[in-house]
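Data block below; observations after.
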Amino acid sequence: MVGNWEKRIAITGGAGFVGSNLLLYMVPRYSRYLFVNIDCLTYAGNLSNLASIEHAPNYRFVKLTVNDYKSLARCFAEFDINAVIHFAAETHVDRSIFGPADFISTNIAGTFNLLELARQRFDDGVDFRFHHISTDEVFGSLGEDGAFTEESPYRPNSPYSASKAGSDHLVRAYHRTYRLDTVISHCCNNFGPYQFPEKLVPLVINNALEGKPIPIYGNGRNIRDWLYIEDHCRALDVIFHRGVAGRAYAVSARNEYRNIDLVRRICRLVDEIKGGGPRERLIEFVSDRPGHDQRYAIDPSRIENELGWKAVHQFPEALRKTAEWYISHREWLDRCVSGEYLKYYEQVYTNR
Ligand code: DAU
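By the working numbering, the letter at position 103 of the sequence shown is numbered 104, and the numbering carries on one by one without gaps.
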């Protein structure tokens, strides 16, 4: 028996970047919910992110991969799970280019396992909600104008985005076919604390601090739409609680930047905070990412108009706060970039 919790939510991938930020945001706010963090702790999972909540009465951790259907079933039964917020995924585009297999099994087959368990519980009469965390990358690449909405056609270009598109389609199908209560969120690029430094923002901060080359793929004119992680967590909270079943919500703060401009900005921030520099001279243009999407931009009108969410963080302050966080958490960065990751990074970087 698991106690008298109002909701019993499986957070898959809760030790990763967005998942751990969501747990840090939600666990103290919802003391009547039980949060069960299901994570298999790949290179990108880090339980130390969750130190401040690890002893909270409404938090549990279960080390488990979403590929292990039988153990997942036991876990769902043990905690009488009645909601899923599904983050667990391989997320890095470059890794998906070097080795797509894990993306297919975790992102597609793993999502299928969770949907099957949700469907069984729903069929047994449990009032179940399934919130699937997707990405704007499923919509492909934009030209100079326009922005993706929830109605944009799917045109994934990388093995990563194709695997996320596949999982989105399964979620949609489970709603249409079995009437499972699902919601999907498509977020743009995030930045903030606890992001693994293979992603652009923490990678640039780390290399700027270490005096290492800062690789820019291609000509640096690719555009991404950037959202501070805390705004994303607020959006997820709103979608999970108030999103309409079967509906998708696209999330962004309309912050588009060219990679080169963002990278220069981060270099200047590190110069200001740490002194020295200019660290811009560490920038090196390297060969492009195969199939590199030119531009992402999200029109968040639906979540703004229908659910009343709006980003509250201003980009310049949020970026500064992020740079300060990594600078004052060098040991966190060092732990990430040691060992296996370093080998991977050197291999990728040398191949460019
Ligand atoms: O848009 C949401 C997506 O954002 C998420 O679904 C993905 O999981 C997440 O990885 C991210 O994908 P991106 O490929 O946009 O993020 P990344 O940080 O890898 O790269 C951002 C941009 O910077 C992209 O245009 C590639 C470029 N880049 C990246 C790295 C790591 C560089 O120029 N140099 C680099 O070293």
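Glycine included, each C-beta is placed from N, C-alpha and C at the ideal position.
Is it right to say residue i is buried, meaning 16 or more other beta carbons lie within 10 angstroms of its own, or is it exposed?
i    : result
Q196 : buried
K165 : buried
N306 : exposed
D125 : exposed
H56  : exposed
F149 : buried
R282 : exposed
N220 : exposed
P203 : buried
V3   : exposed
D262 : exposed
F1   : Here the chain comprises residues numbered 2 to 353, so residue 1 is not present and cannot be evaluated.
E332 : exposed
V184 : buried
G147 : exposed
H132 : buried
S302 : exposed
G309 : exposed
E138 : buried
P157 : buried
D335 : exposed
A78  : exposed
H176 : buried
S288 : exposed
P279 : exposed
D128 : exposed
G354 : The question about residue 354 has no answer, for the chain in this structure spans 2 to 353.
E199 : buried
R130 : buried
R225 : buried
Between residue i and residue j, how many whole angstroms is the CB-CB distance? I'm expecting something under 8 Å.
i    : j    : result
N47  : A16  : 6 Å
Y70  : N114 : 5 Å
S159 : G292 : 6 Å
I267 : I217 : 12 Å between Cβ atoms; not a contact.
R120 : N223 : That pair is no contact at about 39 Å.
Y161 : T66  : At roughly 18 Å, the Cβ-Cβ gap does not stay under 8 Å, so Y161 and T66 are not in contact.
Y250 : E151 : 7 Å
L42  : L25  : Incorrect: roughly 17 Å between the Cβ atoms, too far for contact.
R33  : W6   : 6 Å
P194 : W326 : 5 Å
H233 : V94  : The Cβ separation is near 18 Å, so there is no contact.
I328 : I274 : 6 Å
I10  : I39  : Not really, about 10 Å apart at Cβ, beyond 8 Å.
H314 : E231 : 6 Å
S168 : A236 : Between A236 and S168 the Cβ distance is about 19 Å, and since that is not below 8 Å, they are no contact.
V37  : I82  : 7 Å
L270 : A319 : No, L270 and A319 are not in contact; Cβ-Cβ is about 11 Å, not under 8 Å.
Where DSSP assigns a beta bridge to residue i, which residues make up the other side?
i    : result
F149 : I299
Y218 : V287
D226 : E257
V184 : H132 and R248
L35  : R9
A84  : I10 and R130
N50  : BP columns for N50 are empty, so no partner.
K213 : None; K213 has no bridge partner.
V313 : Partner(s): none; V313 has no beta bridge.
F192 : Y229
R61  : V37
**Message:** Extract the residue ranges of the alpha helix (DSSP H) inside the region 90 to 121, only unbroken runs of 4 or more that lie entirely within it.
**Reply:** Counting only runs of 4 or more, we get 94 to 99.
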